[in-house]
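Here is the structure we will look at.
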Amino acid sequence: MMSKVEKISAIRGMNDILPADAAAWEHLEKTLHGLTRAYGYESIRTPIVESTALFKRGIGEVTDIVEKEMYSFEDRLNGEPLTLRPEGTAAVVRATIEHNLIYDGPKRLWYTGPMFRHERPQRGRYRQFYQFGIEALGFAGPDIDAEIILMGQRLWDELGLQGVRLEINSLGQADERAAHRAALLAYFEKNSGQLDEDSQRRLATNPLRILDSKNPAMQNLIEAAPRLLDFLGSESLRHFETVQALLKANNVHCKINPRLVRGLDYYNLTVFEWITDSLGAQGTIAGGGRYDPLIERMGGKPAPACGWAMGIERVIELMKASNSIPESEAVCDIYVCHQGADTLSSALIAAENLRSAGIDVVMHASPEGTPSSFKSQMKKADASGAAFALIIGPDELAQESAQLKDLRGGGGQRMIPLNDLLSTVIDALVASSSD
Ligand code: HAM
43 MMSKVEKISA
53 IRGMNDILPA
63 DAAAWEHLEK
73 TLHGLTRAYG
83 YESIRTPIVE
93 STALFKRGIG
103 EVTDIVEKEM
113 YSFEDRLNGE
123 PLTLRPEGTA
133 AVVRATIEHN
143 LIYDGPKRLW
153 YTGPMFRHER
163 PQRGRYRQFY
173 QFGIEALGFA
183 GPDIDAEIIL
193 MGQRLWDELG
203 LQGVRLEINS
213 LGQADERAAH
223 RAALLAYFEK
233 NSGQLDEDSQ
243 RRLATNPLRI
253 LDSKNPAMQN
263 LIEAAPRLLD
273 FLGSESLRHF
283 ETVQALLKAN
293 NVHCKINPRL
303 VRGLDYYNLT
313 VFEWITDSLG
323 AQGTIAGGGR
333 YDPLIERMGG
343 KPAPACGWAM
353 GIERVIELMK
363 ASNSIPESEA
373 VCDIYVCHQG
383 ADTLSSALIA
393 AENLRSAGID
403 VVMHASPEGT
413 PSSFKSQMKK
423 ADASGAAFAL
433 IIGPDELAQE
443 SAQLKDLRGG
453 GGQRMIPLND
463 LLSTVIDALV
473 ASSSD
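If you want this note's numbering, it's the position in the sequence shown, counting the first as 1, plus 42.
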C-alpha cells in the first residue's frame, strides 16, 4: 500500500489569492495606478525585510505592533536582528534619507505589497496582508493633508464603494500632547481602580494608548477623559481648521473623532481613518495622517510629511459587498486545437505568430501529454472564453490551411490559408468585438 504523504498547508493568517479573485485585484491595481498618476505620485519599492531597529524607532516601542505583532528573527548567518515589515512608512522614510530623495524638494511616493503582523486572524485581519500606501514627503501645509484625503475619496468613488465614512482628528504638536498627557495621567491615576491590566501597564509607559482600549468596561472612563483637542494651540488649531475647510469646499464630509489616536507613534497634527460598517469588526479600510517628526527621528534633516495606507483585502471585500467588480475578462482571444503529431509544429508556429501580433492565445495541451479527442478540445475552447477556435488537423495541414471557428457569435466555421492567418484573425477579432 502506498503511504499517504502529509500535505503542507499555508501558514495561519497568510492567504493564497486565487485566480477567482484575480479580476478584483487587477481592477483595483489598475484604478490605483490611475490614481497615483492623477496626483503626481512616483513609485517606490522597499525590501520586505528590514532591521528591527527601523520599526522600533519608527513606529514606537510602546505600540501594539512593536510590542506584540512583529515577525522578528535573528539572521542565522550574522546575528543581525531583522523584521518582516509590518507597514510601509518607516521604510519609505529610511529610503528617502538613505538616497537623499528630497534634497531638491518635496516628493510624492506610493508603494504596494505584503505587510506582516502577528495578530489573531479573523475576517479582514490577517498575518500577511497587502497595503497600498502613499507618502507626501517634504510638504508642511494643510493643503497636502486635504489633498491626500481627497485622493482617498476619489478612490472610493472610482471603485463605486458605498458607505465609507471619514473620521478625522488632530494630535497637535509634542508640547501640546505633553500637556494633555499630564492631564490624562492625573485623570487615569485618580481612577486607576477602573483600569484593566493592559491599561495599568500603559499608564506607566504611554497613557495615550489607554484611549485605544476596546474593553467595554473602560469605555465610560475613556469617554470622560481630558480631550487633546482642548490642549491645542492656535497654530495647530488653524492647521486643523484649514484641512476641514478644504475638505468641505470639496464636498468631502468628515466626522471629528477626538478619540482617534492611531496605533503608530509617529503622527502629529492631522490623523484620519476611512471606516465602513459593512465588514464587521475590521471596518477600517485605510488610515494615515501627518508625521512631521519622523524623518528627523530616523536621522534625516528635519522635514514634514504625511500619508496614508489602505488594506487591500478589506477594500476588495468592500468591492464585493458593493457589487463593483467588473466581470473577469476571457483568458484568451484564440484557442488553438490540433490533431496528430504532424500538426503540432504548425499549430505552435501559428500560435507564436498570433502572439507576436499582440493576440492572446491558449494552445491546447492535454494533461496526459498525448493528443486529446477533438470533442474534448472543443469543450476546452468553449470554456476558455476565447472568441474563436483555430483548428489545425491533418486535412487542414494538407491544404496549408486552418479552420477558424466562431465560438460566440454563431458565425460558423471557415477555412483560411495559413499564410493569410494574421490578417484574417485580426479582421475576425475586430468584427466580433464590435458586434
Ligand atoms: P495602519 O492603520 O496600521 O497604518 O494600516 C493601514 C491599513 O492597513 C488599515 O487601515 C487596514 O485597512 C490595513 N491593515 C492593518 N492591519 C491589517 C491586518 N492585520 N490585516 C488586514 N489589513 C490590515 C499604517 O500602516 C501606516 N503606515 C499608514 C500611514 C502611511 N500613515 C502615514 N503614511
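Ideal Cβ placement from N, Cα and C applies to all residues, glycine included.
Candidates the options, of which the one nearest residue i by Cα
{"i": "phenylalanine 314", "options": "Gly322, Ala323 and Val294", "result": "Val294"}
{"i": "glutamate 84", "options": "Gly331, Val91, Ile144 and Leu119", "result": "Ile144"}
{"i": "glutamate 129", "options": "His380, Ser475, Ala328 and Gln455", "result": "Ala328"}
{"i": "leucine 279", "options": "Met405, Asn211 and Ile317", "result": "Asn211"}
{"i": "valine 403", "options": "Lys417, Ala429 and Pro409", "result": "Ala429"}
{"i": "glutamine 195", "options": "Trp316, Asp424, Glu338 and Glu111", "result": "Trp316"}
{"i": "serine 320", "options": "Ala287, Met457 and Ser364", "result": "Ser364"}
{"i": "arginine 165", "options": "Thr78, Ala323, Glu218 and Leu77", "result": "Ala323"}
{"i": "alanine 347", "options": "Gly147, Tyr377, Lys49 and Phe97", "result": "Gly147"}
{"i": "tyrosine 333", "options": "Lys447, Leu213, Ser276 and Leu270", "result": "Leu213"}
{"i": "histidine 75", "options": "Leu360, Gly100 and Leu151", "result": "Leu151"}
{"i": "arginine 383", "options": "Ile391, Ala392 and Thr412", "result": "As written in the sequence, residue 383 is alanine, which differs from the arginine given in the question. Comparing Cα positions, the closest option is Thr412."}
{"i": "isoleucine 186", "options": "Gly349, Asn257 and Phe158", "result": "Gly349"}
{"i": "alanine 224", "options": "Val206, Gly205, Pro61 and Asn248", "result": "Asn248"}
{"i": "alanine 392", "options": "Val467, Asp424, Ala425 and Lys422", "result": "Val467"}
{"i": "tyrosine 113", "options": "Ser276, Thr94 and Gly100", "result": "Thr94"}
Coarse secondary structure for residue i, derived from DSSP in three states
{"i": "asparagine 257", "result": "coil"}
{"i": "proline 156", "result": "strand"}
{"i": "isoleucine 401", "result": "coil"}
{"i": "glycine 382", "result": "coil"}
{"i": "lysine 110", "result": "helix"}
{"i": "tyrosine 333", "result": "coil"}
{"i": "proline 148", "result": "coil"}
{"i": "proline 249", "result": "helix"}
{"i": "glycine 194", "result": "helix"}
{"i": "leucine 126", "result": "strand"}
{"i": "arginine 54", "result": "coil"}
{"i": "asparagine 310", "result": "strand"}
{"i": "isoleucine 354", "result": "helix"}
{"i": "valine 472", "result": "helix"}
{"i": "glutamate 371", "result": "coil"}
{"i": "proline 163", "result": "coil"}
{"i": "phenylalanine 273", "result": "helix"}
{"i": "serine 387", "result": "helix"}
{"i": "lysine 46", "result": "coil"}
{"i": "serine 366", "result": "coil"}
Proximity of residue i and residue j at Cβ, strictly below 7 Å
{"i": "glycine 82", "j": "proline 163", "result": "no"}
{"i": "glutamate 92", "j": "arginine 118", "result": "no"}
{"i": "tyrosine 153", "j": "isoleucine 86", "result": "yes"}
{"i": "alanine 372", "j": "glycine 452", "result": "no"}
{"i": "cysteine 374", "j": "glutamine 419", "result": "no"}
{"i": "valine 201", "j": "serine 370", "result": "A small fix is needed here, since residue 201 is leucine in this sequence, not valine. Not in contact: leucine 201 and serine 370 (Cβ atoms no closer than 7 Å)."}
{"i": "threonine 385", "j": "leucine 460", "result": "no"}
{"i": "alanine 188", "j": "valine 285", "result": "yes"}
{"i": "alanine 415", "j": "serine 408", "result": "The sequence shown places serine at residue 415, not alanine. Result no, Cβ atoms of serine 415 and serine 408 do not sit closer than 7 Å."}
{"i": "alanine 267", "j": "tyrosine 229", "result": "yes"}
{"i": "asparagine 257", "j": "aspartate 272", "result": "no"}
{"i": "glycine 331", "j": "threonine 312", "result": "yes"}
{"i": "alanine 345", "j": "glycine 183", "result": "no"}
{"i": "glutamine 242", "j": "alanine 351", "result": "no"}
Residues near residue i in its chain [Cβ-Cβ closer than 7 Å; skip 5 each side]
{"i": "glutamine 215", "result": "Ser278 and Asn310"}
{"i": "asparagine 395", "result": "Leu463 and Leu464"}
{"i": "aspartate 539", "result": "With the chain running from 43 to 477 in the structure shown, residue 539 is simply not present."}
{"i": "aspartate 106", "result": "Gly305"}
{"i": "threonine 318", "result": "Gly205, Val206, Gly325, Ile327 and Leu360"}
Residue range of the beta strand (DSSP E) that includes residue i
{"i": "leucine 432", "result": "430–434"}
{"i": "lysine 447", "result": "443–448"}
{"i": "serine 93", "result": "91–93"}
{"i": "arginine 456", "result": "455–459"}
{"i": "arginine 207", "result": "206–212"}
{"i": "phenylalanine 174", "result": "170–179"}
Opening and closing residue of the alpha helix (DSSP H) in which residue i lies
{"i": "methionine 340", "result": "No alpha helix (DSSP H) holds methionine 340; DSSP gives it neither H nor E."}
{"i": "arginine 79", "result": "64–80"}
{"i": "arginine 219", "result": "216–232"}
{"i": "glutamine 496", "result": "Residue 496 is absent from the structure shown; the chain starts at 43 and stops at 477."}
{"i": "serine 418", "result": "416–425"}
{"i": "arginine 136", "result": "131–140"}
Contacting residues, own chain, Cβ-Cβ under 6 Å from residue i (five flanking each side not counted)
{"i": "glutamate 355", "result": "Phe171"}
{"i": "alanine 399", "result": "Leu464"}
{"i": "isoleucine 434", "result": "His380, Thr385, Ser388, Ala389 and Ala444"}
{"i": "leucine 288", "result": "Ala188"}
{"i": "tyrosine 308", "result": "Tyr333 and Leu336"}
Cβ-based neighbour list, residue i, same chain, cut-off 8 Å, excluding 5 preceding and 5 following
{"i": "alanine 66", "result": "Ile358, Met361, Lys362 and Ile367"}
{"i": "aspartate 58", "result": "Ala52"}
{"i": "lysine 110", "result": "His160"}
Closer than 6 Å: residue i CB and nearest the ligand NAD heavy atom
{"i": "arginine 339", "result": "As far as ligands go, the structure on display features the ligand HAM and does not contain the ligand NAD."}
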